[in-house]
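Colleague: For the protein sequence lines, the chains are A and B, in the order given.
Quick note: the first sequence uses this note's numbering, first residue 1, plus one each step.
Quick note: the second sequence uses this note's numbering, first residue 1001, plus one each step.
Below is the structure I would like to discuss, written out as structure tokens.
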Amino acid sequence: MVSLNVNGKKHRVDVPKDVPLLWVLRDHLKLTGTKFACGIGECGSCTVHIDGKAERSCVISVGDVEGKKITTIEGLPKDHPVKRAWIEEQVPQCGFCQPGQIMQVSALISEAKHPDPEKIIAAMDDVLCRCGSYPRIKRGIKRAVEIVRKEGKRS
Amino acid sequence: MKSSISRRDFLKGTLAAAGLAIGASLTPFGTRLLSGAEMKAGFKPTVWYEITPDNMVTVWIPSSEMGQGAWTTLSMIVADELEADWKQIRIEQALAGEAFKNPLLHDQLTVASASVRGYYEPLSKAGAAGRMVLVKAAATRWKVPEGECRAQKGFVTHKKSGRKLSYGKLCEKAAAFPVPQEPVLKKESEFTYIGKTMRRLDIPEKVAGTAVFGQDFAVPGMLYASIARPPAYGAKPVSFDEKAAAAVEGVRNVAPLPMGVAVCADSLYAAWKGRDALKVQWDKGSLPDLDDDFMEKHFIEELDKPGSPVKTAPGAKEALAGAAKKVEAVYFVPPVAHVTMEPMNCTVHVQQDRCDVWAPTQGPLVARMVASKVADMPADKVYVHTTLLGCGLGRRAAPDFIVEGVILSKIAGKPVKLVWSREEDIRHDVFRAPTCHRIKAALDAEGRLTAWSHKVVTPSLMKDIYPAAVVNGVDFMSLWGLADFPNAPDNNNITYEIPNFDLEFLIDDLPIPVAPWRSVQNGPNGFITESFIDEVAHAAGKDPLDFRLDLLKNNMRARRVVEVVAEKAGWGKAAPHGHARGIAQHSCFGSYVAQVAEISVNEKDGRIKVHKVVAAVDCGLAVNPDPLRAQIEGGVIMGLSTVLRERVRFAEGGVKSANFNDYKIVRMSEAPEIEVHVVKSKEKLGGMGEPPVPPAAPAVANAFFNATGVRIRRLPLDPATVMEAIGKKA
């Protein structure tokens, strides 16, 4: 039995402790916004926040995140600057990698004292997109930082 | 197929659900519009849209949504002609059905960049017909002439009397009228939505994380399945530990299948654990010597074997013999993988009297056909529900994963969700076909091209799936970019007007499975022809731009995009210090694209940096401009990925590449600035999903030549290849 704190809710899940967090989120908690695409922490589609930091949920065991604060794409507020920017800039194409992109960007923004779009863009190489939405992800990042500068951060 | 409506036999009736529904049926004579009653009577759910008393317009989308914006763009066509308010529009993904066939493809397939150009006519006619009966219904009710009524933004109004009725209020009455078979279409100047950017309907749920891809679909009580697959082509299992797999907690079934050994379990990680516990031992397969070197050597050797003539030019030999200058080159493009971001998957439930398939598929009718065969059930008992697709790229038109899902649900007697791992997805992909070409060109004393003799060795794409398409040893799909099927409606031919062009083709028979990959063989064939034409231009001592324009004298659409891109990219002006430019153009799927890439080369580590790509396109009317731009940006980047990064590696008779750590695709830092110019065009509608891909790779390779003086004739131009090529020069 594993206890998890996901998107502000407590869950008890009957799985071995070595099961990757990704599968517990998707198959047990039905939070399917977090995607499986590589299984080895190489592509970033499964990115979630663990205590505010962007992590790859496909290579983290549930046992290692007990008692930590886990946030998935579903837990990021609808009016979060990154989500708003992503709609404003019409970023996604197929959209499969986008939860990972959004979680990576939102963590980088909240970690930085003074978010700098260029620095964030430079830190995005490990989140892959096959549709080639990179130019729009860049625009989305710039827009999100603008929103944050105007309105302040949101977790 | 041109839609000519030859019958005017309207049937009257109302739809039971109350409302107005308009569909269309593809007959041998073209598209015929159907009223709700007709559809109910004779056809499966075939409506294009339905207006209901709640004042909503539901559009059934026949195409798979894979990021190209099909939901939105197809709805715009209906909404515009119908004069609906955009807020009234909601969409439903259509089930697999005969009536949803794309008139261009004669199938319900989302391939060949054909959604907008194929469905434009039936959808606009259906929209216009609806508008006309709604006006008629209002005019009848008000007892005024139809000409005094106007449909706009979901209402019919009668200005003189100031009366106004919503579509929701009129729909039941409208359903009683016959559907006009030759509706009057709007003029371009009258469009409300077409030509203006409408935000994509699928984006909000994709950003929220609630969008349902195939991978996200679930039915209660389903099992999860995984298959241990052979590491080498043709390999059979010698032994496996069934007991060990069955002993894994949660494992329910272990089953040897033609494609491997399957495990069904209560969870996916249990299925994967079970699969690993099988420890399958495989034999060496059908061609254990197959590896990268073997493949390349094999293709080069095959070039010397006789092939089948595709185009013959009796004067070619003579022109080559008497040439003032001859250019000859051999090109090889190894296979690349689709690596759709979402690995292959499907969920299937085979029951006594029906079979349901939920899948991210580009070919719902193909899926229905194979499911019907495997489930041994008539096609009308098979329901294929298309989910969202995490990339399509051509991979999801193949039904291999559907076949597996149906087999497994039959075995388990339960709904089964099959999820391929990334390793399976790469190693068991059906690749973009490797292709090897030898080209000889002749130039006269003035540097004019007088002959072009071209030989191709490549596997056939159609041989196994539709053998009748291979005629006299020629599979034109494998030659797209050089030559298209006779009488084909598209322009997948070589764009240039070349005197004495001959083409010979040999089908290769290596056991590597191949399939269409975004732009099909226009990609590799375009890379080769656009690199070679550059070689010939340089040999002729001419500017590659002028040389191309000269051969495009009579191809105004191609010529125009080349001129536009050259102007916008500053062709002929000096590039920034240390940078070099390259140009390329290619036309396919009804559209014309030219690109200029600006690059620099780090000669210390062999890395090419692409700074900027300027693209000019002519696709006729740009129905939804912003998603169209997104397709161009994405297509350029995918093309860059093939020139900078991608190559499937082979070893010991099978695929060595396995995941994103050894199959590299381009990343954020490698994506250049992309400047897009969509030329205003009144020409025929062309596709835009694929045409932006082919010019990107040769534009970079041509820029590399301009930067280094070295021509690389094999993809990709990765650091190792670049270092080797530069080393050879020194």
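Just so you know, even glycine gets a beta-carbon here, dropped at the ideal spot from N, CA and C.
Counting C-beta neighbours from all protein chains within 10 Å, is the total for residue 1161/B 16 or more, i.e. buried, or is it exposed?
Modeller: By the neighbour-count rule (16 or more Cβ atoms within 10 Å), residue 1161/B is not buried but exposed.
Colleague: Any beta carbon from chain B within less than 7 Å of residue 83/A's own beta carbon?
Modeller: So yes, residue 83/A belongs to the interface.
Colleague: Can you pull out the residues from the segment 1240-1274 of chain B whose beta carbon lies closer than 7 Å to at least one beta carbon of chain A?
Modeller: Flagged, chain order: 1267, 1268, 1269.
Colleague: If you draw a straight line from the C-alpha of residue 1616/B to the C-alpha of residue 1594/B, how long is it?
Modeller: Taking the straight line from one Cα to the other gives about 5 Å.
Colleague: Short of 7 Å in beta carbon distance, which residues of its chain neighbour residue 14/A, apart from the five on each side in sequence? Order them along the chain.
Modeller: Hits under 7 Å: 1.
Colleague: Just the C-alpha distance for residue 1455/B and residue 1535/B, rounded to the nearest angstrom, thanks.
Modeller: Taking the straight line joining both Cα atoms gives about 17 Å.
Colleague: Who are the Cβ neighbours of residue 6/A in its own chain at under 8 Å, not counting the five residues just before and after it?
Modeller: Result list for residue 6/A: 25, 29, 31, 70, 71, 72, 75, in chain order.
Colleague: What number of angstroms, rounded off, separates the C-alpha of residue 143/A from the C-alpha of residue 1273/B?
Modeller: Rounded to the nearest angstrom, the two C-alpha atoms are 43 Å apart.
Colleague: Out of curiosity, what's the CA-to-CA distance linking residue 1177/B and residue 1189/B?
Modeller: Distance between the alpha carbons of residue 1177/B and residue 1189/B: 29 Å.
Colleague: Please look up how many angstroms separate the CB atoms of residue 1195/B and residue 1685/B, rounded, as I've assumed it's under 8 Å.
Modeller: About 12 Å separates the two Cβ atoms, so there is no contact after all.
Colleague: Can you grab the Cα-Cα spacing for the pair residue 1640/B / residue 1587/B, in whole Å?
Modeller: When rounded, the distance between both Cα atoms is 17 Å.
Colleague: In chain order, what residues of the same chain lie with their CB nearer than 7 Å to the CB of residue 123/A, ignoring the 5 residues before and after it?
Modeller: Contacts found: 108.
Colleague: Taking a Cβ distance cut-off of 9 Å, strictly less, list which residues of the segment 1168-1201 of chain B are near chain A, in chain order.
Modeller: Going along the segment 1168-1201 of chain B in chain order, one finds 1197, 1199, 1200 with a Cβ nearer than 9 Å to chain A.
Colleague: Would the beta-carbon of residue 1248/B fall within 7 Å of that of residue 1277/B?
Modeller: Yes, these two residues count as a Cβ contact at 7 Å.
Colleague: Taking 7 Å as the CB-CB cut-off, is residue 1440/B touching chain A?
Modeller: Taking Cβ atoms only, chain A never reaches closer than 7 Å to residue 1440/B, which makes this a no.
Colleague: Roughly how many angstroms lie between the CA atoms of residue 1221/B and residue 1351/B, to the nearest whole one?
Modeller: Using only the alpha carbons, I get a separation of about 13 Å.
Colleague: At a Cβ cut of 8 Å, what residues of the segment 1332-1365 of chain B count as close to chain A, listed as they run along the chain?
Modeller: Per Cβ criterion, the list reads 1339, 1340, 1341, 1342, 1343.
Colleague: In the DSSP output, which residue or residues are listed as bridge partners for residue 1228/B?
Modeller: Bridge partners of residue 1228/B: 1261/B.
Colleague: Tell me, please, whether the CB atom of residue 1645/B is closer than 7 Å to any CB atom in chain A?
Modeller: Residue 1645/B does not count as touching chain A.
Colleague: When you check each C-beta in the segment 1667-1680 of chain B against every C-beta of chain A, which residues fall closer than 7 Å?
Modeller: Listed by position, the residues of the segment 1667-1680 of chain B near chain A (Cβ gap below 7 Å) are 1667, 1668, 1669, 1671, 1674.
Colleague: So which residues of chain A does residue 1659/B contact, with C-beta pairs closer than 8 Å?
Modeller: 38, 39, 40, 42, listed in chain order.
Colleague: Within the 7 Å Cβ cut-off, does residue 2/A reach chain B?
Modeller: False, the Cβ-Cβ gap to chain B never drops below 7 Å.
Colleague: Chain B partners of residue 27/A, CB-CB under 7 Å?
Modeller: In chain order: 1267, 1268.
Colleague: How would you call residue 1466/B, buried or exposed, if buried means at least 16 neighbouring beta carbons within 10 angstroms?
Modeller: It counts as exposed.
Colleague: Can you check DSSP and say which residues form a bridge with residue 1582/B?
Modeller: BP columns for residue 1582/B point to 1597/B.
Colleague: Please confirm whether residue 92/A has its beta-carbon closer than 7 Å to some beta-carbon of chain B.
Modeller: Residue 92/A counts as touching chain B.
Colleague: Using the beta-carbon count (16 or more within 10 Å), is residue 1724/B buried or exposed?
Modeller: Under this definition residue 1724/B is an exposed residue.
Colleague: To the nearest angstrom, how far is it from the Cα of residue 1674/B to the Cα of residue 1629/B?
Modeller: Distance between the alpha carbons of residue 1674/B and residue 1629/B: 10 Å.
Colleague: Taking C-beta to C-beta, are residue 1559/B and residue 1428/B nearer than 7 Å?
Modeller: For residue 1559/B and residue 1428/B, no; Cβs fall outside 7 Å.
Colleague: Closer than 9 Å, Cβ to Cβ, to anything on chain A: give me those residues from the segment 1601-1632 of chain B, in chain order.
Modeller: Listed in sequence order: 1626, 1627, 1630, 1631.
Colleague: Which residue comes first and which comes last in the alpha helix (DSSP H) that contains residue 1546/B?
Modeller: Per DSSP, residue 1546/B belongs to the alpha helix (DSSP H) from 1544-1551.
Colleague: What residues of chain B sit near residue 70/A, judged by a beta carbon separation below 7 Å?
Modeller: Going along chain B, no residue has its Cβ under 7 Å from residue 70/A, so there is no contact; the nearest lies around 14 Å.
Colleague: Where DSSP assigns a beta bridge to residue 131/A, which residues make up the other side?
Modeller: Paired residues: none, contrary to the question.
Colleague: Express the C-alpha separation of residue 1581/B and residue 1571/B in angstroms, rounding to a whole number.
Modeller: Straight-line Cα distance between these residues: approximately 8 Å.
Colleague: I'd like the list of long-range same chain contacts for residue 1698/B, defined as Cβ closer than 6 Å, with 5 residues on each side in sequence excluded.
Modeller: Here the set comprises 1527, 1530, 1531, 1584.
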